[in-house]
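Okay, structure first, notes after.
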Amino acid sequence: MDLKSKLLSETNFKGSVFGSIPVEWEIKKISELDESKNCVQTGPFGSLLHSHDYQEQGHPLILVQHVKKGKIIEDNLPKISDSKYFTLSKFILKEGDIVFTRVGYVGDSAFIEKKYSGWLISGQMLRVRLNNLNINNRFVSLLFTTKRFQNISKSVVLGSTRDSINTQILKDMPIIIPSKHEQDKIVSIIHPLNKWIENVENQNKILEKIIQSIFKSWFIDFEGQTEFVDSELGQIPKGWIVSTIPECFDISPNYYLKKGIIAPYIGMADIPVNSLRISDFTYREFTSGTKFTNGDTLLARITPSLENGKTAYVDFLQDNQIGWGSTEFIVMRPKDPFPKEYGYCLSRTNEFRSHAILNMTGTSGRQRVPESCFDNYNIVIPSKSLLDDFRKISSIIFKQIKINGIELNILTKIRDSLLPKLMSGEIRV
């Protein structure tokens, strides 16, 4: 008898909306876990909070785009003033709450850690607050991230043009209830994995900030340079040369990939918004599309992907392997003497991205960046010695980011394999 059969044979199962679960586990509605009327709360509607109330400083507000795969995305959070904040007290979050997206991509959720206590939800969100000693709120939050629960939530959405879910629907959603002891044990296994994943992700964010800071300091602010000369870009360091992107980069290089061959494929959804690594890809039969290899930078050319920051550095292919993907991103490859990492760092600068966005063509909602827009984009060619110094630093940092990324993939696969088995009772703890 294999291990799986042994585990299943030691437990009696019953059918449920979640599939087979142990007979002693209960299924209850969310509203049955907390009898208070506000266990599920909708965020403030437009009459209470408008986009013109948003500001750069103040109390953070969570919009639907800030909740992804069980986590709060802290980038580009709108803020509101003290005066507005205190008029919205019923929408203030507490540690242990769970936020749930109610429009758009319905069903994304996140647990409110201590550092998010005091933040607010927007009208795009629902807040779940359970005050029940027999319920581990973190367990419920983990359940919300499972495919089984996601499928149930998607089956009850409202709306013909835009998916949505309301307070009553979420209150009526079913929840698996193991014993409190088993809830705690499941959390004790998955939560440390999530923290481990978060720590490695944070390491990569810090490393990327370091290299971007060095890039800006050396090649944009010209720190460390003492002698300057006039140029069409203004004053630049003595000995540096003004050039253009086509002279320094290959744009959409002409790699060869035989039609019909199975090769690594990247779609726009695979391109990260605020990090350099592509964490997932598939294999597809090559038909037509952009082609790339390790060391290339992929830049989204369509709206709103470009504005949202979709940019990536290719480092996941085998040596000399060619990958392919969507026609909606531009491939950039630095020419000698520029390091390959230079291309990615340049593509993340505000000046470069603003130039691409301002030169988009096409009708509203269907705009894209023409490759020709880079013909008149000027950059400076630094001294070879400075580029060599940057190559030494950037190659070490990018290599460590790749190592961390591989570790993240392994940890994520372990977590994603364990969670559904624990939540179904296939593995008992």
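Oh and the sequence shown: position 217 is 268 in our numbering, straight run, nothing missing. Ideal Cβ positions, reconstructed from N, Cα and C, are used throughout, including at glycine.
Could you check the C-alpha separation between residue i and residue j for me, to the nearest Å?
i: M52; j: I237; result: Residue confidence is low: M52 scores 49 on pLDDT, short of 50, so the model does not pin down where it sits. Its coordinate-derived value is still stated next. Cα to Cα, M52 sits roughly 25 Å from I237.
i: I548; j: S330; result: Outside the shown range of the chain, which is 52 to 480, sits residue 548, and nothing can be said about it.
i: N345; j: G70; result: 43 Å
i: S326; j: L114; result: 20 Å
i: E336; j: E392; result: 29 Å
i: I228; j: S303; result: 53 Å
i: I465; j: E77; result: 27 Å
i: T378; j: T341; result: 5 Å
i: S468; j: K198; result: 12 Å
i: L284; j: T295; result: 12 Å
i: R442; j: P433; result: 13 Å
i: S215; j: L181; result: 22 Å
Taking the alpha helix (DSSP H) that residue i belongs to, which residues open and close that run?
i: V238; result: 231-266
i: D467; result: 435-475
i: Q201; result: 198-206
i: T93; result: It is not in any alpha helix (DSSP H) - T93 instead sits in the beta strand (DSSP E) that spans 91-93.
In the DSSP assignment, what residue or residues form a beta bridge with residue i?
i: T341; result: G376
i: G285; result: S282
i: F64; result: P73
i: E358; result: The partner list for E358 (beta bridge, DSSP) is empty, contrary to what the question assumes.
i: E336; result: I313
i: D301; result: R384
i: F162; result: I149
i: Q106; result: K130
i: M319; result: None; M319 has no bridge partner.
Is the beta carbon of residue i less than 9 Å from the beta carbon of residue j?
i: P421; j: K361; result: no
i: F195; j: V431; result: no
i: T354; j: Q451; result: no
i: F343; j: Y306; result: yes
i: I131; j: L144; result: no
i: D223; j: K88; result: no
i: W375; j: L308; result: yes
i: P73; j: G476; result: yes
i: V179; j: L221; result: yes
i: L349; j: I317; result: yes
i: V191; j: L100; result: no
i: F300; j: I287; result: no
i: P388; j: G394; result: no
i: V68; j: I203; result: yes
Could you check where the beta strand (DSSP E) with residue i kicks off and where it finishes?
i: N429; result: 429-432
i: T400; result: Segment: none, T400 is in no beta strand (DSSP E) and carries neither H nor E.
Which runs of the beta strand (DSSP E), 3 residues or longer, sit entirely within the region 360-397? 362-364, 374-376, 380-385
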